[in-house]
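Visitor: Dropping a structure here in structure tokens format, bear with me for questions.
Number of protein chains: 2
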Amino acid sequence: MTGGRPRSETSRLAILDAARDLLLERGYERLTIDAIATRAGVGRQTIYRWWASKSAVVADAALEGDLAPPLVPPPDTGDIETDLRGWLRAWTHRLTTAESTGFILALTAATADDRAIADILYDRFTRPHEQLLRDRLELARVAGQLAPDAPVSTIAGVLIGSMLYRVLSRQAPPTADDADLVVGLVFHGSGNRGRRTGI
Amino acid sequence: MTGGRPRSETSRLAILDAARDLLLERGYERLTIDAIATRAGVGRQTIYRWWASKSAVVADAALEGDLAPPLVPPPDTGDIETDLRGWLRAWTHRLTTAESTGFILALTAATADDRAIADILYDRFTRPHEQLLRDRLELARVAGQLAPDAPVSTIAGVLIGSMLYRVLSRQAPPTADDADLVVGLVFHGSGNRGRRTGI
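As structure tokens, this is what we get:
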């Protein structure tokens, strides 16, 4: 992600620390390369020698730091719908703090800027959450709590993707009620029940 | 979106034309301010005088040009599930062309960079598609093809958001099969039918 080996590991770490701290203080939008350089005590050309853009610096800071939201597996009480409802509410709540929103916007900008960074960020920050959901859903499917042909990967993608998309669009952030509605939808559907039972 | 009135409308339009053409030729990732300046026949400082970043130039080019995917209302054959399945397949297909993907990545980067741009882009490029879906779903709900309490806005957001999120993550692009699975999920749910009918 950096262009060759940095001359000074100390400067590199100071830049990444500054990027992380400023991201948390100001959010992604008001973060600038100049501010990172000033905070790190380096010239802006030092940053541009190693990174192509603000988003690339922030992606590296995310990868080296502990900026990611924690990975919390869904509980297993034996009731898949209640478990997923609780999990998606809590996950959505963590997603919509100012810090997480800044982090997510930064990673998405970095993803748009660079295909290789996109893969690294997805593997590190998104795939593990989807995998936790898929594992829990698969247990429920095998236990007969989901339809035998329930599309486990699609369900995981819909739960995570539809909440994340709302954060990325920067409109009204998703709420606990939104999480409940999406979980209800993927479990029960919205078709007219009278009509469906006639199929 | 531009910082003050441009000195030369000719230069401004040349820059926006160059940004649009290069986006279509190269995609967002390989688009650079230098290449836009060269193609437009202006200095890079001219671009930086009016726009803060590559994403801001591209957002303006999108707003002035005809880069947006067309707005196509869902058909109304009287069968909401068939209508939405066909619509989401076609919409997903348009979304995953190289040109559309470049366009979407550019708008998302611009959205991350600037809150005001985020609102303009959402109102212009995303909200109209969601509104078309909501209108069609509301007709179906009133006609008794959806449950009386079907969450129409949530359904529209899930259909659009979960497909867009897959494009934004730059992993395997969504396919017609993915569209079918998501439509099936929001209509029928994935709960175990035997269990659900006992509730």
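Going line by line, the protein sequences match chains A and B.
When the letters of the first sequence are read in order and numbered with this note's numbering, they come out as residues 16 to 214.
When the letters of the second sequence are read in order and numbered with this note's numbering, they come out as residues 16 to 214.
Yeah, the Cβ is synthetic: ideal placement off N, Cα and C, and Gly gets one too.
Which residues mark the beginning and the end of the alpha helix (DSSP H) in which residue 198 of chain A is found?
Guide: For residue 198 of chain A, the enclosing alpha helix (DSSP H) covers residues 191-203.
Visitor: From residue 25 of chain A to residue 115 of chain A, what distance separates their C-alpha atoms?
Guide: 27 Å
Visitor: So, with DSSP's three-state summary, where would you put residue 161 of chain B?
Guide: DSSP places residue 161 of chain B in the strand class (E or B) of the three-state scheme.
Visitor: Taking 8 Å as the CB-CB cut-off, is residue 205 of chain B touching chain A?
Guide: yes
Visitor: Does DSSP put residue 56 of chain B in a helix, in a strand, or in coil?
Guide: coil
Visitor: Under the assumption that residue 110 of chain A contacts residue 178 of chain A (Cβ atoms under 8 Å), give the Cβ distance between them as a whole number of angstroms.
Guide: So it is a contact: roughly 6 Å between Cβ atoms.
Visitor: Can a CB atom of chain B be found closer than 8 Å to the CB of residue 111 of chain A?
Guide: Residue-level contact by beta carbon fails for residue 111 of chain A and chain B, as no gap is shorter than 8 Å.
Visitor: For residue 23 of chain B, is the classification buried or exposed, using 16 other Cβ atoms within 10 angstroms of its Cβ as the cut-off for buried?
Guide: exposed
Visitor: Of all the alpha helix (DSSP H) runs that stay within the bounds of the region 125-172 of chain B, which reach a length of 4 or more residues?
Guide: Whole alpha helix (DSSP H) segments, 4+ residues: 130-136 and 142-157.
Visitor: Three Cβ pairs or more, each shorter than 8 Å: is that satisfied between the region 157-174 of chain A and the region 77-89 of chain B?
Guide: no
Visitor: Just to confirm my understanding: we take residue 183 of chain A, look at its own chain, exclude 5 residues before and 5 after, and list those with CB closer than 8 Å. What are they?
Guide: 119, 120 and 123
Visitor: Using a Cβ-Cβ cut-off of less than 7 Å, give me the residues of the region 162-176 of chain A that come near chain B, in sequence order.
Guide: So the list reads 162, 165, 166, 169, 170, 172, 173 and 176, given in the order they occur along the chain.
Visitor: Could you compute how far the alpha carbon of residue 142 of chain B sits from the alpha carbon of residue 93 of chain A?
Guide: 39 Å
Visitor: Helix, strand or coil: which one does DSSP assign to residue 206 of chain A?
Guide: strand
Visitor: Identify whether residue 87 of chain B lies in helix, strand or coil by the three-state DSSP scheme.
Guide: coil
Visitor: Give the interface partners of residue 202 of chain A over in chain B, defined as CB-CB distance under 9 Å, in chain order.
Guide: What residue 202 of chain A touches in chain B: 204, 205, 206 and 211.
Visitor: Thinking residue 167 of chain B and residue 152 of chain B are a contact (beta carbons under 8 Å), I'd like their distance in whole angstroms, please.
Guide: 4 Å
Visitor: Should residue 86 of chain A and residue 201 of chain B be called a contact, given that it needs their Cβ atoms to be closer than 8 Å?
Guide: A distance of 8 Å or more separates the beta carbons of residue 86 of chain A and residue 201 of chain B.
Visitor: Report the three-state DSSP secondary structure of residue 183 of chain A (helix, strand or coil).
Guide: helix
Visitor: Assess contact between the region 52-71 of chain B and the region 123-132 of chain B, defined as three or more Cβ pairs (one per stretch) separated by less than 8 Å. Is contact present?
Guide: yes
Visitor: For residue 43 of chain A, go through chain B and note every residue whose CB falls closer than 7 Å to its CB, in chain order.
Guide: 127
Visitor: Where are the alpha helix (DSSP H) runs, 4 residues long or more, that stay fully inside the region 64-113 of chain A, in chain order?
Guide: 69-79 and 95-110
Visitor: Considering only the alpha carbon of each residue, which of A:207, A:203, A:195 and A:206 lies closest to residue 104 of chain A?
Guide: Selection A:207, A:203, A:195 and A:206 evaluated against residue 104 of chain A yields A:195 as nearest (Cα-Cα).
Visitor: Could you check what DSSP says for residue 119 of chain A in three-state terms: helix, strand or coil?
Guide: Residue 119 of chain A: helix per DSSP, three-state reduction.
Visitor: Could you check whether the Cβ of residue 184 of chain A sits closer than 8 Å to any Cβ belonging to chain B?
Guide: yes
Visitor: Of the choices B:96, B:108 and B:130, whose alpha-carbon is the least far from that of residue 171 of chain B?
Guide: It is B:96 whose Cα lies nearest to the Cα of residue 171 of chain B.
Visitor: Pick out whichever of B:59, B:131 and B:187 has its Cα sitting closest to the Cα of residue 134 of chain A.
Guide: B:187
Visitor: Would residue 63 of chain A pass as an interface residue toward chain B - the criterion being a Cβ-Cβ separation below 8 Å?
Guide: no
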